[in-house]
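Shown next, in C-alpha cells, is the structure this report addresses.
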Amino acid sequence: MLWRSVVGKLWFTILLLVSFVLAFLTILLTGYFETYYEKEVERRITENAERVVKMVHEDISEDLLHKFATSLMTSQARMTIVKEDGSVWRSDSHSFVSELSLEEIKENDELAKAFTERTKVITLLESSSESDQFASQHQVVIAMPISISGMDTVIIQHSLQEVENTSNHMIKFIFLSAGFAIILTTIFSFFLSTRITEPLRKMKEVAAEVATGKYDAKIPIVSKDEIGDLARAFNQMGRKLQFNINALKQQKAQLSSILSSMADGVITLSQKGEILLTNPPAQQFMQTWFLERGMQQLNNRNLPDELVQLFHNVVETESEQVIEVDMTKGNWVIIMTPLYNQTKVRGAVAVLRDMTEERRLDKMRTDFIANVSHELRTPMVMLQGYSEAILDGIASTEEEQHELVQIIYEESLRLGRLVNELLDLARMESGRVQLNMEEMNIQAFVEKITRKFQGIAKDKNIHLEATFMNDVTTHVFDGDRVEQVLTNLIDNAIRHTPDEGSVTLFVEEKQEGIQFQVTDTGSGIPEEDLSYVFERFYKADKARTRGRAGTGLGLAIAKNIVDAHAGKISVTSVYGEGTTFTVFLPNKEIG
C-alpha cells in the first residue's frame, strides 16, 4: 500500500508540513492585514472627524460643510451630524440608503458615551439592518462631540468590506498556492521514489533473494551518494556471506565425510540428552540394539538404556565414562565425554567402538593356545607313556615292543604333521608364502588327485569320481597348493561319509575362472557351525577322538591358499544329508 511505503510516508509528511505552514501563514497574514487596515481606517476617519469639528467651530456654512464632507467620503464611508435639537444630517453619498437615527445611536452603548460623557468613541459595528446595505456591513464608527456644552455630535462610518474582500482574495491566492505546492510536492515525492525508493526497493528484492540462498545476487550501483555506498556495502556483504557459507559448507562436508568414514560410531547429545548428530556406525549400533530387544526407535531420537544411564553419569560427575555393551551380534565399548560451554555442561559426545573382532581374536588366541596345548599334549603324553613302558620292560615280547614302537612312530608322525601345519598356516597368514604359478593340465591334475584316494575310498566302500561339467583344458595356478586344498577337502569328505556313500569332484570352466566342487553324502555340518569351519582347530568331532581325526587346521590352510590365489571358498551343508565345498580360482596369467 502507498501509505506503508517510503514514498507515501514522505509525500504525506511533506503535504502535512506544507499545509501547516500555509495555514499558519494564512491566519497570521489575515489577522495582521485586518488589524493594520482597521487601525488605518480609524486614523483616517478620526482626522476627518476632527476637521469637521474644526469647520463647525469656525462657523463655516452648511453648504461648504456639506461639500467638504462629500469630498471626504467615499462609497465605503459616510458622515452623520446629530444636532442638539435632535435633527440628523448626513453626507450626500449615493451609497447612503438611510440615515442613522438618534434612537439607533443611543441604543449602542459605545456610541451613547459620546452623548452622555461627551468623549470621542471609536468602535466596530455590525448592524443587523437588512434594508440598509451599508449598515449591514462590518464597519468602523467614530463619534466625536462637536462642543463640550451642546449635544452636537459628528459620526463617521467606514465599511470594512474592502478588507474582507481583500482577505478573501488573499485566502483564495493562498489556497491556489497550496494546491500548486501539493502538485509540486507530489511530483517531487515521486521523483524521489526514482532516486531513493527505487534503489531501496531493489535492495529489498535482492535481500529476499539472499534470504532464499542466492548469495550471488547483486544490487546495481547507480549513484555515488549514501544509497550507492549502501548498495556497495550490501554487495560486499553478499560476497563475504557467500564466502563464509561456502566455507561452512566445506567444513560441514568435511566433518560429515570424516564422521561417515570413521569406523567408530559417534553420537552427539544435547543438554537434555537428545541426539543431535550420528554417523552410520552409531546408527547401526542403535538399530541392532533396539532390534535385539524387540523395540522400535522413535524418530532416531531415543537412546538405548545403557547410553541414557551413561549420559546421566557424565552430567552428574562431569567426567568421562566408559562402559561395554554385549549384544548377540557384537561387543561395543562406549566412551562418553562431557561437552562444556563457558559455565556448565552443554551436552556430551559418545564414541562407540566395535570390539567384536578384537574380542573374537582374543577368543581365537585363547582357543588357539588351548587347542595347540591339547593337540601337542596328547601325542607327547602317548610318546612319553609308551616310551616309559618300553624302558620299564612292560613289553616283554618282541611283538608287544613292536606294537608300542609302532604307536610311538604314528604319534610322532602326527606330532610332526601338526607342527608342519602350524608353520604353514603361520607363513600363509603372515603373507610370506610364494605361489609357483604355472599352467596346469586340468584333466591330468584331477585324475592324479582322485587316483590318490581310490584305495582309501575302496576300503570304506565309498564311490569316488570326478565329473567335468564342460570341456576343460588348462588353467594357471600353483599346482602343489591347489592339490593340497582339494586333497584336504576330499580327505574330509571320505572321513565323514559312511559306507555305501559317494564323494564327487565337479570341475567346471567358467568365463571368469575355474570352479571345483567337492560333494559328499556324509553326515553334514550343523547350521550353527557353518560359519566356523574355516577357523583353526575346528573339528566336527567335538570329543577330539583319535584315529583318523585331523588337527582342525586343514580348512584354515585351504582358505589361506585360496585367498592367496584371489579366489573364493565356501561351504553349503544339510545336516544328515551331505556337504558341498566350492572353490573358485580366477583366471591368471604367468607373470
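Anchor point for the sequence shown: position 14 equals 1218 in this note's numbering, and the numbering is continuous, going up by one each time.
Don't be surprised by glycine CBs; every beta carbon is placed ideally from N, CA and C.
Buried or exposed (CB count within 10 angstroms, at least 16 for buried), residue i
i	result
Gly1758	buried
Val1722	buried
Leu1364	buried
His1769	buried
Lys1763	buried
Leu1220	exposed
Met1673	exposed
Pro1424	exposed
His1679	buried
Val1225	exposed
Ser1777	buried
Glu1262	exposed
Asp1530	exposed
Val1512	exposed
Glu1604	exposed
Phe1681	buried
Ile1462	exposed
Thr1217	exposed
His1362	buried
Asp1724	buried
Gly1551	buried
Tyr1590	buried
Beta carbon proximity, residue i to chain D, threshold 9 Å
i	result
Asp1663	Absent from the structure is chain D; it holds one protein chain and no more.
Start and end residues, beta strand (DSSP E) containing residue i
i	result
Leu1481	1479–1482
Ile1670	What sits at residue 1670 in the sequence shown is Ala, not Ile. 1667–1672 is the span of the beta strand (DSSP E), which, as asked, contains Ala1670.
Val1722	1717–1724
Asp1558	1549–1558
Lys1772	1772–1778
Ala1473	Here the sequence assigns Leu to residue 1473, which means Ala is not the residue at that position. Per DSSP, Leu1473 belongs to the beta strand (DSSP E) from 1469–1473.
Cβ-Cβ separation, residue j to residue i (assumed contact under 8 Å), whole Å
i	j	result
Pro1485	Ala1467	7 Å
Lys1772	Met1641	The Cβ separation is near 18 Å, so there is no contact.
Leu1514	Ile1538	6 Å
Glu1528	Thr1541	Contact flag wrong, Cβ pair sits at about 16 Å.
Val1286	Thr1239	No, Val1286 and Thr1239 are not in contact; Cβ-Cβ is about 30 Å, not under 8 Å.
Val1676	Val1787	14 Å between Cβ atoms; not a contact.
Ile1350	Val1245	At roughly 21 Å, the Cβ-Cβ gap does not stay under 8 Å, so Ile1350 and Val1245 are not in contact.
Val1737	Val1686	Incorrect: roughly 19 Å between the Cβ atoms, too far for contact.
Terminal residues of the alpha helix (DSSP H) in which residue i lies
i	result
Pro1403	1402–1415
Phe1738	Counting along the chain, Phe1738 falls outside any alpha helix (DSSP H), and DSSP gives it neither H nor E.
Ile1598	Note, Ile1598: premise wrong, no alpha helix (DSSP H); not H, not E.
Leu1514	1509–1521
Gly1442	1430–1465
Leu1757	Run containing Leu1757: none; DSSP gives neither H nor E here.
Gly1683	1683–1699
Identified DSSP bridge partners for residue i
i	result
Gln1361	Arg1282, Val1345
Asn1645	Thr1678
Asp1535	Rather than Asp, the amino acid found at residue 1535 in this sequence is Asn. Its beta-bridge partners are Asp1530.
Phe1710	Thr1671, Gln1721
Ile1326	Ile1346
Leu1789	Ile1718
Gln1491	Gln1491 pairs with nothing; no bridge assigned.
Leu1565	None, per the DSSP bridge assignment.
Gln1525	Met1540
Thr1783	Ser1777
Do the region 1483–1501 and the region 1448–1458 meet, that is, are 3 or more Cβ pairs less than 8 Å apart? no
So, do the region 1489–1499 and the region 1580–1597 have three or more beta carbon pairs nearer to each other than 8 Å? no
Any 3 or more C-beta pairs closer than 8 Å across the region 1721–1738 and the region 1697–1708: yes
Looking at C-beta atoms only, is the number of pairs between the region 1400–1410 and the region 1228–1246 that lie closer than 8 Å three or more? no
Assess contact between the region 1663–1671 and the region 1705–1714, defined as three or more Cβ pairs (one per stretch) separated by less than 8 Å. Is contact present? yes
Any chance the region 1585–1597 sits against the region 1605–1615, with 3 or more Cβ pairs inside 8 Å? yes
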